[in-house]
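**Student:** Protein sequence lines, in the order shown, are assigned to chains A and B. Residue 1167 is where the first sequence starts when you use this note's numbering, and the numbers rise one by one after that. Residue 7 is where the second sequence starts when you use this note's numbering, and the numbers rise one by one after that. Don't be surprised by glycine CBs; every beta carbon is placed ideally from N, CA and C. A quick note: this is a predicted structure, and the numbers were derived from the prediction, not measured.
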Amino acid sequence: MFGWTLSRLPLSGKIYCTLFLAGIGLGALAAATQAATAVGVSPAQIRSSLAPDMPMTQMGHGEMSAEREIDIGEISNAAKVWIRTPLLIQTSHTHLFGQTLISGLLGLIFLFSALPDGRKGLILALPFAGTFLDIGGMWLTRFASPALAFLVFAGGALFAAGYCLIAAISVYELWFRKETIR
Amino acid sequence: MKRLAASAMAAGLALPALLSAHITPPVILLSEREAVTRLLAGAKKFSVLEVRLTSQERKEIARQWNWKPAEDFQRFYLGRSEDGSLLGAVIFVTDFTIHGPIEVAVGLDPKGVVRGASVVECTEETYPWVKPLVDLDVEKWFAGQDCRAHCEAMKTGKIDTLHPMCHFYAEILASLVQKGSVLYEVGVTRRGSTH
């Protein structure tokens, strides 16, 4: 881009890009661990945290109350985070800002990759697409169908795949690629 | 290139500011089952009572208590003695504060008097302010109070020594206990939903 490539960056630029990529990678690992412990990463776990609370009684449509005797074991003993709508709003706005900014900075570095423009565009779009799928999937799971919980995992996986590709290609070009003079 | 570098730097500086606004991770202090068994101690039989508040009931809550429940669907866990007489109910109530959600399980006796209240969930950010309250037996503060009219948060002088944010969260906890009491009053007592 503008005649600059990652391999031609000055040492300070290479250090900046490498440390930024490393920091984001560590952050992504921490975020994945946090998601796995607080919510879970299987579609069933995501569904149980995001889907609307399902009645435990057989309260029918139009009924105003229902009672059912239960065994104490039927009450959840899991330290489960249930993401209700106000929390979903909070989570969405912070994650959309944060992840889009991260995707943007990753993309900014990757713009200087020597890859052909089409391939470059495709790869740098992955973290953005993953973010939209991730947050969009949360809303769809809550308001469209709990069966769409897999979208949240798919979005996270897409973001991670995009990051891994960008980081691997960028680090290779920063430190190992020999610039060929045409 | 200079312009590009300046843009990249501006974006880089904006990142920590934005991430600092990130909600901190949740801290789960109790599972639902633990809270129910704790607040309905002595109960031999359990049942779940689910009610759907009518728009009239929601309006009544707004008029009388200046607060509108976020959802019309409410769930109460009821505890009964061996002979089936009602010992109490537990409802989970959440407030979404600027620092993230805080959830409290409110235990009530059949007349709506508070049996106890347990903090179920807070966040890593609020935990340092909530933990001292838990250590000061916040669960017992509300016991015996009829919180429908007013809920007294700070009955012990020890709280005066705590951080001002602890006072803020003590008030939040009191308002949650009051909300739980109000929901029981409107959704259960006034309807005569239990037998």
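Give me the DSSP bridge partner(s) of B:Y83.
**Tutor:** Partner residues in the beta bridge of B:Y83, as assigned by DSSP, are B:V54 and B:V96.
**Student:** By how many angstroms is the C-alpha of A:I1212 removed from the C-alpha of A:L1172?
**Tutor:** Distance between A:L1172 and A:I1212, taken at the CA atoms: about 39 Å.
**Student:** Check whether chain B comes within 8 Å of A:Q1200, counting only Cβ atoms and requiring the distance to be less than that.
**Tutor:** yes
**Student:** How should B:I104 be labelled, buried or exposed, when 16 other C-beta atoms within 10 angstroms of its C-beta is the threshold for buried?
**Tutor:** exposed
**Student:** Taking all protein chains shown into account, do 16 or more other C-beta atoms lie within 10 angstroms of the C-beta of A:L1272, making it buried, or fewer, making it exposed?
**Tutor:** buried
**Student:** For a cutoff of 8 Å on Cβ pairs, would you count A:T1223 as touching chain B?
**Tutor:** By this cut-off, A:T1223 is an interface position.
**Student:** Could you please give the first and the last residue of the uninterrupted alpha helix (DSSP H) stretch that includes A:I1301?
**Tutor:** Its alpha helix (DSSP H) spans residues D1283 to F1309.
**Student:** Output, in chain order, the set of chain B residues within a Cβ distance shorter than 7 Å of A:L1253.
**Tutor:** The answer, in chain order, is F102 and P107.
**Student:** Would you please verify whether the beta carbon of B:A47 is less than 8 Å from any beta carbon of chain A?
**Tutor:** no
**Student:** Please confirm whether A:S1242 has its beta-carbon closer than 8 Å to some beta-carbon of chain B.
**Tutor:** Output row for A:S1242: interface = yes.
**Student:** At a Cβ cut of 7 Å, what residues of the region 1296–1325 of chain A count as close to chain B, listed as they run along the chain?
**Tutor:** none
**Student:** Return the residue from the list A:T1223, A:W1248, A:Q1256 and A:A1295 that minimises the CA-CA distance to A:A1320.
**Tutor:** A:A1295
**Student:** Chain A partners of B:A271, CB-CB under 8 Å?
**Tutor:** Absent from the model: residue 271 of chain B. The displayed extent of chain B is 7 to 201, so no value can be given.
**Student:** With a Cβ-Cβ cutoff of 8 Å, do B:L59 and B:V126 count as a contact?
**Tutor:** Not a contact, by the Cβ cut-off of 8 Å.
**Student:** Go ahead and pull the three-state DSSP assignment for B:T132.
**Tutor:** coil
**Student:** Roughly how many angstroms separate the alpha carbons of A:L1288 and A:I1255, rounded to a whole number?
**Tutor:** 29 Å
**Student:** Tell me where the alpha helix (DSSP H) around A:R1250 begins and ends.
**Tutor:** Looking at the DSSP string, A:R1250 is not in any alpha helix (DSSP H), and its letter there is neither H nor E.
**Student:** Report yes if the C-beta distance between A:L1216 and A:R1308 is below 8 Å; otherwise report no.
**Tutor:** Against a cut-off of 8 Å, the Cβ pair of A:R1308 and A:L1216 comes out as a contact.
**Student:** So is B:A27 buried or exposed if we call it buried at 16+ other beta carbons inside 10 Å?
**Tutor:** Legend: pLDDT at B:A27 = 42, less than 50; position of this residue unreliable, value from coordinates given subsequently. Classification for B:A27: exposed.
**Student:** Assign B:C205 to buried or exposed, taking buried as 16 or more other Cβ atoms, counted over all protein chains shown, within 10 Å of its Cβ.
**Tutor:** Absent from the structure is residue 205 of chain B, since the part of chain B shown begins at 7 and ends at 201.
**Student:** Name the chain A residues that come within less than 9 Å of B:L55, Cβ to Cβ?
**Tutor:** T1223, S1231, A1232, E1233 and R1234
**Student:** Can you name the residues of chain B whose CB is closer than 9 Å to the CB of A:Q1256?
**Tutor:** I29, F102, G106 and P107
**Student:** Go ahead and label B:A111 buried or exposed: buried means 16 or more other beta carbons lie within 10 angstroms of its beta carbon, across all protein chains shown.
**Tutor:** Burial check for B:A111: the Cβ neighbour count within 10 Å reaches 16 or more, so the residue is buried.
**Student:** State the Cα-Cα distance for the pair A:A1326 and B:V120, rounded to the nearest angstrom.
**Tutor:** 48 Å
**Student:** Report the three-state DSSP secondary structure of B:S91 (helix, strand or coil).
**Tutor:** Here DSSP, grouped into helix, strand and coil, assigns B:S91 to coil.
**Student:** Would you identify the three-state DSSP class for B:V42, choosing helix, strand or coil?
**Tutor:** helix
**Student:** Kindly give me the distance between the Cβ atoms of A:L1340 and A:L1175, rounded to whole angstroms, as I take these residues to be in contact under 8 Å.
**Tutor:** Yes, A:L1340 and A:L1175 are in contact; Cβ-Cβ is about 7 Å, under 8 Å.
**Student:** Residues in the same chain with beta-carbon distance under 7 Å from B:D166, minus the five sequence neighbours each way, listed in chain order, please.
**Tutor:** none
**Student:** So A:R1234 is in the alpha helix (DSSP H); what residue range does that whole segment cover?
**Tutor:** Unbroken run through A:R1234 is the beta strand (DSSP E), S1231 to I1236; no alpha helix (DSSP H).
**Student:** Pick helix, strand or coil for B:G198, following the three-state DSSP scheme.
**Tutor:** coil
**Student:** Does the distance from the C-beta atom of B:K51 to that of B:R64 stay below 8 Å?
**Tutor:** no
**Student:** Nearest chain A C-beta to B:T195 closer than 8 Å, yes or no?
**Tutor:** no
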